[in-house]
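J.:
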Amino acid sequence: MNTAVIEAQGISKRYERGARSSSGLLRDTLARKLRSPWTVFQRQKPDTFWALNDVSLQVREGEVMGLIGRNGSGKTTLLKILSRITRPTSGRAEIHGRVGSLLEVGTGFHPELTGRENAYLSGAILGMSKQEITRKFDEIVAFAELDKFIDTPVKHYSSGMFVRLAFAVAAHLEPEILLVDEVLAVGDIKFQRKCLGKMGDVARAGRTIILVSHQLNQIRRLCQRVVWLEGGTVRDTGPTAEVVSAYETAMTSPERGPASPRAEAKAEFLSWRILEPSGSSPHRLESVGPVTLAFRLKVNSPIRHGHQGIALFDAERRLMWACANDDLTFEPGLHELIYKFPFLPLCPKPYNWQLSLWAEKEEVDLWEAIPELQVTSPNYQHALDEWNGYLNLPSEFRIFTEKG
Amino acid sequence: MASVTSNPSETRPLATRPPGSLTLRIEPPSTWFELRLQELWKYRELLFFLVWRDVQVRYKQTAIGVAWVIVQPLLTMLVATLFFGRLAKLPSQGLPYSVFCFAALVPWTYFSAALVAATNVVVENQRVITKVYFPRLILPVSAALSGLVDFSIGFVVLLIFTFAHGIHPTWTLALLPLFLLLAVFTVLGVGLWLSALNALYRDVKYLTPFLVQFWTLASPVYYSSSMVPERYRWLYGLNPMAGVIDGFRWALTGTGQAPTATLLASTLIVCCVLFGGLIFFNYMEGSIADRV
Numbered sequence: 001m002n003t004a005v006i007e008a009q010g011i012s013k014r015y016e017r018g019a020r021s022s023s024g025l026l027r028d029t030l031a032r033k034l035r036s037p038w039t040v041f042q043r044q045k046p047d048t049f050w051a052l053n054d055v056s057l058q059v060r061e062g063e064v065m066g067l068i069g070r071n072g073s074g075k076t077t078l079l080k081i082l083s084r085i086t087r088p089t090s091g092r093a094e095i096h097g098r099v100g101s102l103l104e105v106g107t108g109f110h111p112e113l114t115g116r117e118n119a120y121l122s123g124a125i126l127g128m129s130k131q132e133i134t135r136k137f138d139e140i141v142a143f144a145e146l147d148k149f150i151d152t153p154v155k156h157y158s159s160g161m162f163v164r165l166a167f168a169v170a171a172h173l174e175p176e177i178l179l180v181d182e183v184l185a186v187g188d189i190k191f192q193r194k195c196l197g198k199m200g201d202v203a204r205a206g207r208t209i210i211l212v213s214h215q216l217n218q219i220r221r222l223c224q225r226v227v228w229l230e231g232g233t234v235r236d237t238g239p240t241a242e243v244v245s246a247y248e249t250a251m252t253s254p255e256r257g258p259a260s261p262r263a264e265a266k267a268e269f270l271s272w273r274i275l276e277p278s279g280s281s282p283h284r285l286e287s288v289g290p291v292t293l294a295f296r297l298k299v300n301s302p303i304r305h306g307h308q309g310i311a312l313f314d315a316e317r318r319l320m321w322a323c324a325n326d327d328l329t330f331e332p333g334l335h336e337l338i339y340k341f342p343f344l345p346l347c348p349k350p351y352n353w354q355l356s357l358w359a360e361k362e363e364v365d366l367w368e369a370i371p372e373l374q375v376t377s378p379n380y381q382h383a384l385d386e387w388n389g390y391l392n393l394p395s396e397f398r399i400f401t402e403k404g
Numbered sequence: 405m406a407s408v409t410s411n412p413s414e415t416r417p418l419a420t421r422p423p424g425s426l427t428l429r430i431e432p433p434s435t436w437f438e439l440r441l442q443e444l445w446k447y448r449e450l451l452f453f454l455v456w457r458d459v460q461v462r463y464k465q466t467a468i469g470v471a472w473v474i475v476q477p478l479l480t481m482l483v484a485t486l487f488f489g490r491l492a493k494l495p496s497q498g499l500p501y502s503v504f505c506f507a508a509l510v511p512w513t514y515f516s517a518a519l520v521a522a523t524n525v526v527v528e529n530q531r532v533i534t535k536v537y538f539p540r541l542i543l544p545v546s547a548a549l550s551g552l553v554d555f556s557i558g559f560v561v562l563l564i565f566t567f568a569h570g571i572h573p574t575w576t577l578a579l580l581p582l583f584l585l586l587a588v589f590t591v592l593g594v595g596l597w598l599s600a601l602n603a604l605y606r607d608v609k610y611l612t613p614f615l616v617q618f619w620t621l622a623s624p625v626y627y628s629s630s631m632v633p634e635r636y637r638w639l640y641g642l643n644p645m646a647g648v649i650d651g652f653r654w655a656l657t658g659t660g661q662a663p664t665a666t667l668l669a670s671t672l673i674v675c676c677v678l679f680g681g682l683i684f685f686n687y688m689e690g691s692i693a694d695r696v
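Chains as they are written, first to last, in my numbering: chain A, 1 to 404; chain B, 405 to 696.
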């Protein structure tokens, strides 16, 4: 139980800015070399940055480890290095056991092929043997809930069906060590719960897992230990509860921070708070009554025909409520978006706000509001858990008896 | 990429580890060459699935499917017979010009299609490359192999066609797989270079059709390599497809003489290109996921 199965020492990764190939033309490069042939022997100094800098970590057998940090902190890069998709610039790691990685749902799917064919193909790409897929095939189809359509080309699938099949294949991958990047909870609400349940089963089955997620609730429920990455280095590591709450505190205070990698974005959400009612914390709701929320938005360049969406999810990623406003105009500067509710009938548990901003047809920012919303209002529902629903509504009860 | 060894105790005593478990070592790319054919073998099932996918998709997408594989070289042969055979009266080594030309078109069609496929294979699979690990070498290999399905269909037609012209294969037919192998290695060797370059420079894919066109003219598809003066024959053989096509035609019809000189030069050059391609591809492999 206590042997380290993943051991990474001093992992660093340097990227060249703008090295994403397709930027280059062979023609241009050749022309450049021909004009000044000596540059062939000179190493140009490219504009580089370190996505990861001296990261060390250890994961023990059977441990579920969470990897948190804001966008661009190096979580995905670290996962890609551990799953061998890319190599570190320096440092080394050792992994003992069969590794499977899940960075995306539906990797390798081809629209022209049928569901059955895709299940085999995607399974093989994820590292399953043909025999293994055949053995689990019925289970996969049952999980995806599409027995009737399994021999239909997936191009005729609805997006929900596609995602269900893709997740079902991935969920039946059974390596000793699993590396997962935020692919959980896909499809419709019912299927999302099923995915989370499956993930929980996998975690409890004693598999070693590294999980990257923005959903702090997921991290809390599934992980024993958490590593918090910031700017490519390990900022903190330890038991989940401690690190996650430290992370939340840090995320709330000085907004998103100056080191934000999204500096070039047209606009970004920075923070949120409850204006009214004022309670012990600007992120805690202690009563069911009128609520006013403020979301801070920093706009870097003018936005025309903006479309701003807001959604509220519960810990199981069930959508509670969503709304959107159209045709908005923002000038550069700091803005506060105010949402007023006559009341929010929420059960006492954590929730997440999700904010999005679109300009024309382009996504400007999609923000999982940090920290989460803690509802600690009294529960007005039935005393038995199984009779607790989505709405936490205070109600009045009277009996009228007609006289006569 | 990391190397896979089955001996975990090499670096550190791990008493609790069950024997035979895998240890993956992840390290920065080394400057020298690691071929890892063993790993390629480990991933043979994936290779099979990729080839199978290519074939499935190809026959599902085109409405006429299999027919296209036969029609394309047949039509080319008819046109070539009319213009080069009848009008230009090019010599055809004593064979009917149509047989002479068709015997070259079947391996040539394989070569040109597979080369284009191999060039694009890395870029086309960029989503998979950036999400899952597998030895990247599998991709160009799968492109070179999946073209063989089309080839087999074309080859059956070619056999019937040759028979119909009263030409019966001799013992030389047994050597035909060797020439086919040489063609596969040529595709692989050149494809390794082009696919890695294509991931780096987006104009490479526009260059490939030009390269193929150029290469057709430099190969004995429509004319006989006996038209090349004897003393330049070795130079001509530096085009590996010259050796492949001459050999293929000779093995199938049994006429003419074995193209030994050309073949020797061709084999030699293919080995060099393939070896260089492996080194180049390997060098690029570490950063391919960061580039595409």
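Backbone N, C-alpha and C define an ideal beta-carbon position, used for all residues, glycine too.
Kindly indicate which three-state DSSP category proline 394 of chain A falls into: helix, strand or coil?
T.: In the structure shown, proline 394 of chain A sits in coil (DSSP, three-state: anything other than H, G, I, E or B).
J.: Tell me whether histidine 307 of chain A sits in a helix, a strand or coil according to DSSP, three-state version.
T.: Three-state DSSP puts histidine 307 of chain A in a strand.
J.: Near serine 280 of chain A, what residues of its chain come up, given a Cβ to Cβ distance below 8 angstroms and the 5 sequence neighbours on each side ignored?
T.: Excluding positions up to five away in sequence, the list reads Glu286.
J.: Could you tell me which whole alpha helix (DSSP H) segments of length 4 or greater appear in the stretch 446–510 of chain B?
T.: Fully enclosed alpha helix (DSSP H) runs of 4 or longer: 448–465 and 470–484.
J.: Within 8 angstroms (strictly less), CB to CB, does proline 261 of chain A reach chain B?
T.: For proline 261 of chain A, the predicted model reports a pLDDT of 47, less than 50, meaning its position is unreliable; a value from the coordinates is still stated below. Taking Cβ atoms only, chain B never reaches closer than 8 angstroms to proline 261 of chain A, which makes this a no.
J.: Whole angstroms are fine: how far does the CA of lysine 194 of chain A sit from the CA of glutamate 242 of chain A?
T.: So the two alpha carbons sit approximately 28 angstroms from each other.
J.: Cα-Cα, which of B/Ser516, B/Gly489, B/Thr513 and B/Ala518 is closest to phenylalanine 504 of chain B?
T.: It is B/Gly489.
J.: Could you check which residue in B/Ala622, B/Asp694 and B/Asn529 has the C-alpha nearest to that of tryptophan 512 of chain B?
T.: Ranking B/Ala622, B/Asp694 and B/Asn529 by Cα distance to tryptophan 512 of chain B puts B/Ala622 first.
J.: For the beta strand (DSSP E) holding asparagine 325 of chain A, just list the boundary residues, first then last.
T.: Where asparagine 325 of chain A is concerned, the enclosing beta strand (DSSP E) stretches over 319–330.
J.: Out of curiosity, what's the CA-to-CA distance linking alanine 259 of chain A and phenylalanine 538 of chain B?
T.: With a pLDDT of 42 at alanine 259 of chain A, under the threshold of 50, the modelled position of this residue cannot be trusted; read the value that follows with caution. Between alanine 259 of chain A and phenylalanine 538 of chain B, the C-alpha separation is close to 34 angstroms.
J.: Cβ closer than 7 angstroms: which chain B residues qualify as neighbours of glycine 410 of chain A?
T.: Because chain A in this structure spans residues 1 to 404, residue 410 of chain A falls outside the shown range and cannot be described.
J.: What's the gap between the Cα of arginine 635 of chain B and the Cα of leucine 25 of chain A?
T.: Those two C-alpha atoms are separated by around 39 angstroms.
J.: Can you tell me where the alpha helix (DSSP H) with glutamate 112 of chain A in it begins and where it stops?
T.: Where glutamate 112 of chain A is concerned, there is no enclosing alpha helix (DSSP H), given that its DSSP letter is neither H nor E.
J.: Within the same chain, show all residues whose beta-carbon is closer than 8 angstroms to that of leucine 450 of chain B, passing over the 5 residues directly before and after it, in chain order.
T.: Once the five neighbours on either side are set aside, the close Cβ partners of leucine 450 of chain B are Phe538 and Ile542.
J.: Does DSSP put histidine 156 of chain A in a helix, a strand or coil?
T.: In this structure, histidine 156 of chain A counts as helix in the three-state DSSP scheme.
J.: List, in chain order, every chain A residue whose beta-carbon is nearer than 9 angstroms to that of glycine 690 of chain B.
T.: Per Cβ cutoff of 9 angstroms: Thr86 and Arg87.
J.: Identify every residue that forms a DSSP beta bridge with isoleucine 95 of chain A.
T.: BP columns for isoleucine 95 of chain A point to A/Ile6 and B/Leu428.
J.: Compare the C-beta of alanine 548 of chain B with all C-beta atoms of chain A and state if any pair is closer than 8 angstroms.
T.: It does not; no Cβ of chain A falls within 8 angstroms.
J.: Buried or exposed: which applies to aspartate 407 of chain A, given that a residue is buried once 16 or more other Cβ atoms fall within 10 Å of its Cβ?
T.: The structure shown does not extend to residue 407 of chain A, since chain A is modelled only from 1 to 404, so the question has no answer here.
J.: Using only alpha-carbon positions, find the residue among A/Trp367, A/Ser158 and A/Pro371 that is nearest to glutamate 248 of chain A.
T.: The shortest C-alpha separation from glutamate 248 of chain A is found at A/Pro371.
J.: Let me see if you follow: with CB-CB separation under 8 angstroms, is proline 544 of chain B close to chain A or not?
T.: So, not an interface residue.
J.: Helix, strand or coil for glutamate 174 of chain A? Go by DSSP, reduced to three states.
T.: Correct three-state label for glutamate 174 of chain A: coil.
J.: Are the beta-carbon atoms of valine 674 of chain B and glycine 593 of chain B separated by less than 8 angstroms?
T.: Cβ atoms of valine 674 of chain B and glycine 593 of chain B: closer than 8 angstroms.
J.: So, is the C-beta of valine 470 of chain B closer than 8 angstroms to a C-beta in chain A?
T.: No, because no Cβ of chain A sits closer than 8 angstroms to the Cβ of valine 470 of chain B.
J.: Pair every Cβ in the stretch 444–463 of chain B with every Cβ in the stretch 587–604 of chain B, then say whether three or more of these pairs are closer than 8 angstroms.
T.: No, the stretch 444–463 of chain B is not in contact with the stretch 587–604 of chain B.
J.: Which residues in the same chain as valine 234 of chain A place their Cβ atom closer than 8 angstroms to its Cβ, once the five residues preceding and following it in sequence are excluded?
T.: These residues qualify, in order along the chain: Val55, Ser56, Leu57, Val227 and Trp228.
J.: Leaving out the 5 sequence neighbours to the left and right, which residues in its chain are closer than 6 angstroms to arginine 606 of chain B when beta-carbon positions are compared?
T.: Excluding positions up to five away in sequence, the list is empty.
J.: Given 8 angstroms as the limit, is there contact between the stretch 78–92 of chain A and the stretch 265–280 of chain A, that is, 3 or more CB pairs closer than that?
T.: With the cut-off at 8 angstroms, the stretch 78–92 of chain A and the stretch 265–280 of chain A do not touch.
J.: Does the distance from the CB of glutamine 308 of chain A to the CB of leucine 270 of chain A come in under 8 angstroms?
T.: It is not a contact, given that the beta carbons lie outside the stated cut-off.
J.: Along the stretch 445–466 of chain B, what residues have a CB closer than 7 angstroms to any CB found in chain C?
T.: The chain inventory of the structure shown lacks chain C, comprising the protein chains A and B.
J.: Leaving out five residues before and five after threonine 48 of chain A in sequence, what residues of the same chain have Cβ atoms less than 8 angstroms from its Cβ?
T.: For threonine 48 of chain A, where only same-chain residues beyond five positions count, the Cβ hits under 8 angstroms are Arg14, Tyr15, Glu16 and Arg17.
J.: Would you mind telling me which residues of chain A sit closer than 8 angstroms to tyrosine 537 of chain B, beta carbon to beta carbon, in chain order?
T.: Per Cβ cutoff of 8 angstroms: Ser83, Arg84, Ile85 and Ser101.
J.: Which of the three DSSP states, helix, strand or coil, is assigned to leucine 275 of chain A?
T.: Strand.
J.: On a Cα-Cα basis, can you pick out the residue from A/Asp327, A/Thr107 and A/Pro350 that is closest to histidine 283 of chain A?
T.: The option with the nearest alpha carbon to histidine 283 of chain A is A/Pro350.
J.: According to the neighbour-count rule (16 or more other Cβ atoms, all chains shown, within 10 Å of its Cβ), is arginine 84 of chain A buried or exposed?
T.: It counts as buried.
J.: Give me the chain B residues within the contact set of lysine 130 of chain A, using Cβ-Cβ distance strictly less than 9 angstroms, ordered along the chain.
T.: Chain B residues near lysine 130 of chain A: Glu449, Phe452 and Phe453.
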